[in-house]
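Scroll down for the structure; my scribbles are underneath it.
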Amino acid sequence: MQMLKSNKKQISIAKARTVEERGRYANGSGQASFVISAQNNEQNAQLGYAQVATNYQKAVLDFKATIDQLVR
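See below:
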């Protein structure tokens with residue numbers, strides 16, 4: 001569960017950086033490559049969250065299956 005919270009925080013930080021880089025670019029003080037990099041980081045953070053959530057759910061299901069086998 002802690003990993004999911006950590007990933008959510010990473011997503012939040014990555015989104016804030018994307019907004020900041022877009023603002024800099026719109027004002028003419030930033031580079032397009034920085035905006036693209038920030039967007040990539042945001043997508044990677046979201047992908048990481050999805051992977052952690054998937055692994056967590058798989059672990060829960062495996063645990064329940066093991067418990068079910070023991071009860072039988």
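Residue numbers for the sequence shown follow my numbering, beginning at 1 and rising by one. Glycine residues also receive a C-beta, built at the ideal position from the N, C-alpha and C atoms. These numbers come from a predicted model, not from an experiment.
Assign residue i to one of two classes, buried (16 or more other C-beta atoms within 10 Å of its C-beta) or exposed (fewer than that).
i: residue 7; result: buried
i: residue 18; result: buried
i: residue 60; result: exposed
i: residue 50; result: exposed
i: residue 53; result: exposed
Assign residue i to one of three DSSP states: helix, strand, or coil.
i: residue 40; result: helix
i: residue 23; result: helix
i: residue 29; result: coil
i: residue 72; result: coil
i: residue 1; result: coil
What is the C-beta distance between residue i and residue j, in whole angstroms, given that I count them as a contact (C-beta under 8 angstroms)?
i: residue 32; j: residue 25; result: 6 angstroms
i: residue 42; j: residue 34; result: 13 angstroms between Cβ atoms; not a contact.
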